[in-house]
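The structure appears right after this line, and notes come after that.
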Amino acid sequence: MGVDKLPIKILIADDDSLIREGLKIIIGLDEEFIVMACVENGFDAIEYCLNNSVDVALLDIRMPILNGVEAIKEIAIKTSTKCLILTTFDEDEYINAAIRYGAKGYILKNNTPDKIKAAIKVVYSGNMVIQEGIIDKVLKGIDSDNSSKLDRSLFTGREIEIMEAIADGLSNKKISARLFISEGTVKNYITSILGKTSLEHRTQIAIYYLKGGII
Numbered sequence: 447m448g449v450d451k452l453p454i455k456i457l458i459a460d461d462d463s464l465i466r467e468g469l470k471i472i473i474g475l476d477e478e479f480i481v482m483a484c485v486e487n488g489f490d491a492i493e494y495c496l497n498n499s500v501d502v503a504l505l506d507i508r509m510p511i512l513n514g515v516e517a518i519k520e521i522a523i524k525t526s527t528k529c530l531i532l533t534t535f536d537e538d539e540y541i542n543a544a545i546r547y548g549a550k551g552y553i554l555k556n557n558t559p560d561k562i563k564a565a566i567k568v569v570y571s572g573n574m575v576i577q578e579g580i581i582d583k584v585l586k587g588i589d590s591d592n593s594s595k596l597d598r599s600l601f602t603g604r605e606i607e608i609m610e611a612i613a614d615g616l617s618n619k620k621i622s623a624r625l626f627i628s629e630g631t632v633k634n635y636i637t638s639i640l641g642k643t644s645l646e647h648r649t650q651i652a653i654y655y656l657k658g659g660i661i
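In the numbering used here, the protein residues as written are 447 to 661.
Laid out in structure tokens, this is it:
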């Protein structure tokens, strides 16, 4: 028998006390997780992540004092905490900003508890999770900056493989293992792809590829 895995350490940030406490109960009942704290704004979320070891921060977007997007910007730069946005359909501009600032997941509040917990595990493992409804909204943001599709011939075979792997939700480390190349080489290919597409980050690459941006 192997050593038991440590529970995933969670921070919940939501200004709605019912949602906040409900998530705490639902997630806390599962021994695979431990809810370290609950806060009601982005400022407190940043402060907690700076001063405590948190694996995944589950953040609402619209919160007082400092919203979830601004909180992600600081948390992603200053800590190793992975951020998972819990959002609603009507926040396109926030969702696109959250992607730019480093959010690793985007799910909707109407998901079942099991789906929310599964999303936390995906983000914790180093992969990304984006709900279909969110993908559509992010794609609109990409389309506004990239009105035309790109010919496949613009990319090398290896770049296409990298894009496929990113679209599969793989981290750089897992792409490295799949393609038998170094993580540094993976990063170089991603930089090249971003330059050719005018996209800003790997999450946009995944969505652009999945939605047929490469023909």
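The C-beta atom is built at its ideal place from N, Cα and C for all residues, glycine as well.
Can you find the residues in the same chain that come closer than 6 Å, C-beta to C-beta, to residue i, ignoring five residues on each side of it along the sequence?
{"i": "VAL568", "result": "VAL575"}
{"i": "ALA549", "result": "ILE518, CYS529 and ILE531"}
{"i": "ARG408", "result": "This structure gives no information on residue 408, because the portion of the chain shown stretches from 447 to 661."}
{"i": "MET447", "result": "Low confidence applies to MET447: its pLDDT is 42, below 50, so where it sits in the model is not reliable enough to give any reading."}
{"i": "ALA652", "result": "ILE612 and ALA613"}
{"i": "GLU486", "result": "ASP461"}
{"i": "TYR540", "result": "ILE507 and VAL515"}
{"i": "ILE465", "result": "none"}
In the DSSP assignment, what residue or residues form a beta bridge with residue i?
{"i": "ASP459", "result": "First, the residue type needs correcting, since residue 459 is Ala and not Asp in the sequence shown. ALA459 is bridged to VAL485 and LEU505."}
{"i": "PHE626", "result": "Its beta-bridge partners do not exist; DSSP assigns none."}
{"i": "PHE479", "result": "ILE454"}
{"i": "CYS529", "result": "ALA503"}
{"i": "GLY551", "result": "LEU530 and VAL575"}
Would you decide whether residue i is buried or exposed? Buried here means 16 or more other CB atoms lie within 10 Å of its CB.
{"i": "THR643", "result": "buried"}
{"i": "ALA623", "result": "exposed"}
{"i": "ASP506", "result": "buried"}
{"i": "SER463", "result": "exposed"}
{"i": "ILE511", "result": "exposed"}
{"i": "ASN618", "result": "buried"}
{"i": "LEU475", "result": "exposed"}
{"i": "GLU520", "result": "buried"}
{"i": "PHE601", "result": "buried"}
{"i": "LEU496", "result": "exposed"}
{"i": "GLY641", "result": "exposed"}
{"i": "GLY551", "result": "buried"}
{"i": "GLY630", "result": "exposed"}
{"i": "GLY658", "result": "exposed"}
Relative to the alpha-carbon of residue i, which residue among the options has its alpha-carbon at the smallest distance?
{"i": "SER628", "options": "ILE608, LEU640, LYS451 and HIS647", "result": "ILE608"}
{"i": "LEU533", "options": "THR602, LYS524, ALA459 and ASP476", "result": "Strictly speaking, residue 533 in this sequence is Thr, with Leu absent from that position. When only C-alpha atoms are compared, the closest one is ALA459."}
{"i": "ILE456", "options": "VAL502, LYS657 and ASN487", "result": "VAL502"}
{"i": "ILE471", "options": "LEU656, LYS563, ASN487 and ALA522", "result": "LYS563"}
{"i": "GLN577", "options": "SER571, LYS619 and LYS561", "result": "LYS561"}
{"i": "ILE639", "options": "PHE626, ASP614, LYS620 and GLY603", "result": "GLY603"}
{"i": "ILE612", "options": "GLY641, GLN650 and PHE626", "result": "GLN650"}
{"i": "ASN513", "options": "ALA491, ASN497 and LEU496", "result": "ALA491"}
{"i": "TYR688", "options": "GLY468, GLU646, THR558 and LEU504", "result": "Here the chain comprises residues numbered 447 to 661, so residue 688 is not present and cannot be evaluated."}
{"i": "ASN557", "options": "ILE621, TYR654, LEU469 and ASN498", "result": "LEU469"}
{"i": "PRO559", "options": "GLU605, ILE473 and THR637", "result": "ILE473"}
For residue i, I'd like the list of residues in its chain whose CB is within less than 8 Å of its CB, leaving aside the five on either flank, ordered along the chain.
{"i": "VAL500", "result": "LYS455, ILE456, LEU457, MET482, TYR494, THR525 and THR527"}
Go through its chain and collect everything with a Cβ distance to residue i's Cβ below 7 Å, but skip five positions before and after it.
{"i": "LEU616", "result": "ASN573 and ARG624"}
{"i": "GLU478", "result": "PRO453 and ILE454"}
{"i": "ALA522", "result": "CYS529, TYR547 and GLY548"}
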